[in-house]
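S.K.:
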Amino acid sequence: MYSNIQPFITTQLNTNYNHQYNLIKSTLLNLLDSPVKYTKHIGGTRHFNYATEPILDILVGVNNLHDITALDEKRLNYVGFYRLHHAYHKKVVMAKFNNLKDLKQQVRLHIVQIDSPKFQAYLDIDDLLATNNAIAKEFDAKKQQILNYTTSIRQYEQQKQQYFDQLYKKILTN
586 MYSNIQPFIT
596 TQLNTNYNHQ
606 YNLIKSTLLN
616 LLDSPVKYTK
626 HIGGTRHFNY
636 ATEPILDILV
646 GVNNLHDITA
656 LDEKRLNYVG
666 FYRLHHAYHK
676 KVVMAKFNNL
686 KDLKQQVRLH
696 IVQIDSPKFQ
706 AYLDIDDLLA
716 TNNAIAKEFD
726 AKKQQILNYT
736 TSIRQYEQQK
746 QQYFDQLYKK
756 ILTN
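Here the numbering used here = 1-based position in the sequence shown + 585.
1. Quick check on the burial criterion: 16 or more other C-beta atoms within 10 angstroms. Buried or exposed for residue 637?
2. If I measure Cβ to Cβ from residue 748 and keep anything under 6 Å in the same chain, skipping five residues before and after, which residues do I get?
3. Which first and last residues belong to the alpha helix (DSSP H) in which residue 704 is found?
4. Would the segment 654-673 count as touching the segment 626-641 if we require 3 or more Cβ pairs under 8 Å?
5. How far does the beta strand (DSSP E) with residue 665 in it reach, from first residue to last?
6. Would you check if the distance between the CB atom of residue 666 and the CB atom of residue 681 is smaller than 8 Å?
7. Using beta-carbon positions only, say whether residue 644 and residue 612 come within less than 8 Å of one another.
8. Let me know if residue 664 comes out buried or exposed under the rule of 16 or more other beta-carbons within 10 Å of its beta-carbon.
9. If we call anything under 8 Å between Cβ atoms a contact, is residue 745 one with residue 731?
10. Jot down the residue ranges of each uninterrupted beta strand (DSSP E) in the segment 587-643, minimum 3 residues, whole runs only, in chain order.
11. Over what stretch of residues does the alpha helix (DSSP H) that includes residue 688 continue unbroken?
12. Please classify residue 642 as buried or exposed, where buried requires at least 16 neighbouring CB atoms within 10 angstroms.
13. Any idea what DSSP makes of residue 719, helix, strand or coil?
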């Protein structure tokens with residue numbers, strides 16, 4: 586798997602992320618007996634308020650994480666998504682890659698139980714980053730700071746998650 590962080594972008598270059606999102610949303614919702622109840626294009630490629638990796642992030646809501654069974658994983662494999670086996674807390678992450686040799690992530694599905702604090706945190710943080718320029722600039726600076734210390738995707742994602750957790754605690758206390 587491509588283990589380095591991909592170079593950041595600040596605009597839609599050759600990829601129309603909104604169009605790509607709509608195609609994937611349709612695919613997810615139309616899978617036979619799909620457990621998918623909700624999707625939302627999240628992250629930097631939705632609004633470009635900060636520099637971001639060229640990866641389409643999609644929040645996927647299911648009624649229960651156990652709904653993502655081996656059968657559903659297999660269906661998602663058929664449409665090009667593969668489960669990332671990292672230690673994720675109360676979510677499943679699947680990715681679509683540029684090819685099966687380089688394994689650069691192009692799309693990430695963040696599969697989360699709808700009626701959960703984690704799902705609400707995703708929605709609230711995404712809304713904040715899309716609408717609050719000061720927070721978006723702070724996040725952009727934090728991402729650049731993380732890049733100074735690591736080039737590993739895993740460490741980068743862990744550091745971002747820690748930032749999001751801290752940001753969400755601030756939101757809840759205000």
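All C-beta atoms in this analysis are idealised placements derived from N, C-alpha and C, irrespective of residue type, glycine included.
M.R.: Reading from the atomic positions:
1. Sixteen is the threshold: when 16 or more other Cβ atoms of the shown chains lie within 10 Å of the Cβ of residue 637, as they do, the residue is buried.
2. 727
3. 702-716
4. no
5. Unbroken run through residue 665: none, as it is neither H nor E.
6. yes
7. no
8. Counting Cβ neighbours within 10 Å, residue 664 comes out exposed, since fewer than 16 surround it.
9. yes
10. 621-627
11. Residue 688 -> no alpha helix (DSSP H), and no H or E assigned at all.
12. Buried.
13. helix
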